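Numbering (my numbering), first residue to last: 16 to 170.
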């Protein structure tokens, strides 16, 4: 993928790996699991308006939308995390924040548990995908946890 290579930040590319795997990229608008029109790498907005069925974009536009959202919304949230958060944990959190949204994450019990280094509570709060019956979200949360939890020993 050429996403963000023009900015020369390999860490940002790594942080988006799981997000891109989980979201997939569709260049024509579709209904997501909640019935919301979505396009590209899971975006519900295009050019300042909500996505509508019938919309289509190029791969370049999809990549640009992902990059812009990451830089404007996700990266500033990652920058608020404690310095002990590892690169693998940032990749896991990028996927989760992209899926939840930045303000939802910063208000969450999960964020508070991370700040407090409360490992048991982190695992309890990461279980959103387990509470509903969405197989894709369940798999995504398992992959995120698999990246996040092993680095607990580095705290």
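By construction, the Cβ of each residue, glycine as well, lies at the ideal position given by its N, Cα and C atoms.
Note that this is a predicted model, so its numbers are computed, not measured.
Check residue i in the structure and name its three-state DSSP category.
i           : result
residue 23  : Interpretation of residue 23 is limited by its pLDDT of 49, a score under 50 that renders its predicted location unreliable; the figure taken from the coordinates is listed afterwards. In this structure, residue 23 counts as coil in the three-state DSSP scheme.
residue 109 : helix
residue 96  : coil
residue 61  : strand
residue 16  : Caution is warranted here: a pLDDT of 49 is assigned to residue 16, below 50, making its placement in the model unreliable, and no coordinate value can be reported.
Of the residues the options, which one's Cα is nearest the Cα of residue i?
i           : options           : result
residue 92  : 165, 121, 81, 74  : 121
residue 98  : 35, 85, 131, 161  : 131
residue 168 : 46, 133, 127, 114 : 133
residue 164 : 150, 137, 114     : 137
residue 174 : 170, 115, 114, 81 : Residue 174 lies beyond the range of the chain shown here (16 to 170); nothing can be said about it.
residue 80  : 31, 135, 139      : 31
What are the boundary residues of the beta strand (DSSP E) that includes residue i?
i           : result
residue 151 : Where residue 151 is concerned, there is no enclosing beta strand (DSSP E), although the alpha helix (DSSP H) it sits in stretches over 150 to 163.
residue 42  : 41 to 46
residue 54  : 52 to 55
Which same chain residues end up closer than 6 Å to residue i when comparing Cβ atoms and leaving out the 5 residues on each side of it in sequence?
i           : result
residue 166 : 101, 103, 104
Below 8 Å on the Cβ atoms is my contact criterion, and I expect residue i with residue j to pass it. Report the Cβ-Cβ distance as a whole number of Å.
i          : j           : result
residue 89 : residue 117 : 7 Å
residue 41 : residue 106 : About 22 Å; that fails the 8 Å criterion.
Within the continuous alpha helix (DSSP H) that includes residue i, where are the two ends?
i           : result
residue 119 : 117 to 121
residue 81  : 74 to 84
residue 136 : 134 to 140
residue 124 : 124 to 131
Can you find the residues in the same chain that come closer than 8 Å, C-beta to C-beta, to residue i, ignoring five residues on each side of it along the sequence?
i           : result
residue 67  : 44, 52
residue 110 : 33, 34, 37, 155, 158, 159
residue 141 : 111, 125, 156, 159, 160, 163
residue 48  : 149, 151, 152
residue 73  : 42
residue 65  : 52, 59
Tell me which same chain residues have a C-beta within less than 7 Å of the C-beta of residue i, skipping the five on either side of it?
i          : result
residue 70 : 44, 54, 61
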